[in-house]
Amino acid sequence: MPNTRSSHFWSDHGPDLLIPVPAEFSFAENYNHLATATNETLYTLRGGKMYKAIAVGRQDTVVEIAPYDERRLIVRFLEEPDADSPTLRAGVAEYVHDWFDLGTDLAPFYRMAKNDPLLKQAVESFYGLRNMGIPDLYEAVCWGILGQQINLGFAYTLKRRFVESFGRALVREGETYWLFPTAERVAGLTPEQLTEAGITTVKKCEYLIGTARLIAEGELTKEQLLQAENVKQAEKMLTRVHGIGPWTAHYVLMRCLRLPEAFPIDDVGLHNSIKYVLGLDAKPTRAHILELSAGWSLWESYATFYLWRILY
DNA sequence: TTCCAGGTTTCCT
DNA sequence: AGGAAACATGGA
């Protein structure tokens, strides 16, 4: 978490914000990564720029994100009367910082990966790609649940139905931008309301509501998870929740809490990527993956993220 | 029709 | 603790 008390890590540029990026950063690689998502609801790519609705406290806003120079991003507010609000500006800057994972120094990862047979090609091809995350805990949990045991295309369809039924639409400059449904909103829904909205898998509906209640009641928070002694304990805090198994737990720890050693080892996409890179006839066994990843210590999440990227 | 998809729960030694 | 079986839905 960047320090925003004594001095901003970002700076004002008229009504816009300038946000510094690390050396190991490529706007184009991150843009191309976002572009691989088909049917995405929660951001828009247009003319080399990213557009995203962001909630800061009770305030909703929409921003445009683009490269400013080699070392900075520029963030422009779209039709935002409160663009001079310090809390809104700080909140947006922190969100962007978190979304792009700008606080991680990737140099050690690249030093390790350039000698790793599985990662070598990926880190060359996608140099500057960050683990673009899901800062909101409920959104991260939902995306994990929605993605369980179905193909990714259908998962995006379910997410779109969920967001467009229970999220909030913001219209700016003639375009619509969506905010993910809040846990507070979904906590008050019934499974029937979700199935009627097109979430055809009943179990997922129950899980989406159950986790919404926990999070809305403050019984599952990012702060609690970050206080865990280690990844094993954080995993346990998550897997005791109905609908969250080992895969979803590590997915959330990787994309939201950003534990570097989070490792969704049972992930089918990871298996397919390893199979592809090594030219295997069949998907690797768990033991084989443990062997291949022995040198990834504290970079398991980034290794997984880069291997996923290969598949698209 | 069969198989698989960014798994989880339940039940069983 | 660790493994097998049941589970649900859409797309290729």
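With the first letter of the first sequence counted as 1, position 121 gets the number 112 in our numbering; the numbers rise by one all the way through.
The beta-carbon is built from N, C-alpha and C at its ideal position, and this holds for glycine as well.
Taking just the CA atoms, how far does residue j sit from residue i?
i, j, result
"residue 211", "residue 205", "6 angstroms"
"residue 137", "residue 146", "6 angstroms"
"residue 93", "residue 84", "11 angstroms"
"residue -4", "residue 262", "Only weak support exists for where residue -4 lies, its pLDDT of 48 falling under 50; the coordinates are left without a value."
"residue 57", "residue 12", "12 angstroms"
"residue 209", "residue 129", "11 angstroms"
"residue 181", "residue 200", "7 angstroms"
"residue 79", "residue 9", "14 angstroms"
"residue 72", "residue 44", "15 angstroms"
"residue 142", "residue 259", "10 angstroms"
"residue 183", "residue 140", "21 angstroms"
"residue 307", "residue 103", "Because the chain in this structure spans residues -8 to 303, residue 307 falls outside the shown range and cannot be described."
"residue 82", "residue 48", "8 angstroms"
"residue 168", "residue 233", "31 angstroms"
"residue 273", "residue 279", "12 angstroms"
"residue 287", "residue 256", "13 angstroms"
"residue 152", "residue 30", "11 angstroms"
"residue 50", "residue 231", "33 angstroms"
"residue 61", "residue 185", "45 angstroms"
"residue 4", "residue 35", "23 angstroms"
"residue 237", "residue 271", "25 angstroms"
"residue 276", "residue 285", "14 angstroms"
"residue 282", "residue 269", "14 angstroms"
By a C-beta neighbour count over all protein chains shown, 10 Å radius and 16 as the cutoff for buried, is residue i buried or exposed?
i, result
"residue 108", "exposed"
"residue 150", "buried"
"residue 148", "buried"
"residue 2", "exposed"
"residue 249", "buried"
"residue 66", "buried"
"residue 99", "exposed"
"residue 264", "buried"
"residue -2", "exposed"
"residue 24", "buried"
"residue 291", "buried"
"residue 179", "exposed"
"residue 172", "buried"
"residue 160", "exposed"
"residue 225", "buried"
"residue 202", "buried"
"residue 165", "exposed"
Relative to the C-alpha of residue i, which candidate in the options has its C-alpha closest?
i, options, result
"residue 121", "88, 102 and 149", "88"
"residue 33", "125, 144 and 81", "125"
"residue 267", "239, 253 and 299", "299"
"residue 59", "188, 17 and 78", "17"
"residue 132", "289, 46, 240 and 256", "240"
"residue 135", "23, 24 and 245", "245"
"residue 42", "70, 213, 50 and 293", "70"
"residue 22", "30, -1 and 40", "40"
"residue 198", "165, 111, 247 and 235", "235"
"residue 90", "110, 231, 247 and 270", "247"
"residue 297", "276, 254, 160 and 227", "254"
"residue 123", "217, 242, 238 and 215", "242"
"residue 86", "165, 158 and 0", "0"
"residue 213", "77, 127 and 38", "127"
Leaving out the 5 sequence neighbours to the left and right, which residues in its chain are closer than 6 angstroms to residue i when beta-carbon positions are compared?
i, result
"residue 46", "170"
"residue 295", "261"
"residue 156", "188"
"residue 20", "117, 119 and 120"
"residue 97", "15"
"residue 27", "303"
Excluding five sequence neighbours on each side, which residues of the same chain lie with their C-beta closer than 7 angstroms to the C-beta of residue i?
i, result
"residue 68", "6, 52, 54 and 74"
"residue 101", "15 and 114"
"residue 207", "174, 175 and 178"
"residue 163", "53, 69 and 70"
"residue 105", "111 and 114"
CB of residue i to nearest heavy atom of the ligand COA: below 7 angstroms?
i, result
"residue 73", "Among the components modelled here there is no ligand, and therefore nothing to report on the ligand COA."
Skipping 5 residues on each side, what residues in its chain have a beta carbon closer than 8 angstroms to that of residue i?
i, result
"residue 63", "9, 10, 11 and 12"
"residue 251", "95, 289, 290, 291, 292 and 293"
"residue 302", "260, 263, 264 and 267"
"residue 215", "228"
Cβ contact check for the region 185 to 194 and the region 221 to 230: 3 or more pairs under 8 angstroms: Too few Cβ pairs lie closer than 8 angstroms, so no.
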